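Below: the structure, in structure tokens.
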Amino acid sequence: MQRSLDVSKTKTCGQVFADSAYANKRNDKQLGKQNNKVLHRAYRNTPLTNKQKQDNRQRSSVRYIVERTFGLLKLHHGLGKARYLGLERNKTRAN
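Read in order, the letters of the sequence shown are residues 21 to 115 in the working numbering.
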């Protein structure tokens with residue numbers, strides 16, 4: 021199953037740092053237009069080059085800060101918990 025990103029909702033001045041699970045031709049084409057970054061992915065019998073490893077390390081340092089922040093929000097402030105069954109009722113509660 022390929023994952024797709026909807027980058028139309030992102031601000032034009034920001035960048036998207038995506039996980040390697042989003043690495044596919046469609047996302048690369050869409051993200052490449054906006055200078056966004058997807059982690060390089062190693063495939064069977066094709067290890068990452070040193071340049072790709074270095075790129076991943078640099079991109080991961082940015083993603084780490086964001087992931088840690090969302091983790092803290094979910095843990096301490098209930099972000100990500102659905103109070104009701106069904107999207108419509110939860111959406112109404114959020115407004």
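Yeah, the Cβ is synthetic: ideal placement off N, Cα and C, and Gly gets one too.
All values reported here derive from a predicted model rather than from experimental measurement.
Residue environment, residue i, which counts as buried when at least 16 other CB atoms sit within 10 Å
i   : result
N65 : exposed
N47 : buried
F90 : exposed
L59 : buried
Close-in-space but distant-in-sequence residues of the same chain around residue i (CB under 6 Å, 5 per side omitted)
i    : result
G100 : K94
N70  : none
Supposed close pair residue i, residue j - CB separation, criterion 8 Å
i   : j   : result
R79 : K57 : 5 Å
R83 : F37 : 5 Å
Neighbourhood of residue i by C-beta, 7 Å cutoff - its chain only, sequence neighbours within 5 removed
i   : result
R61 : S40 and A43
D75 : H60
Residue i: CB within 7 Å of a non-hydrogen atom of the ligand PLP
i    : result
L107 : As far as ligands go, the structure on display features none, and thus does not contain the ligand PLP.
Complete alpha helix (DSSP H) runs within the stretch 39-107 (minimum length 4 residues, chain order): 45-52 and 70-97
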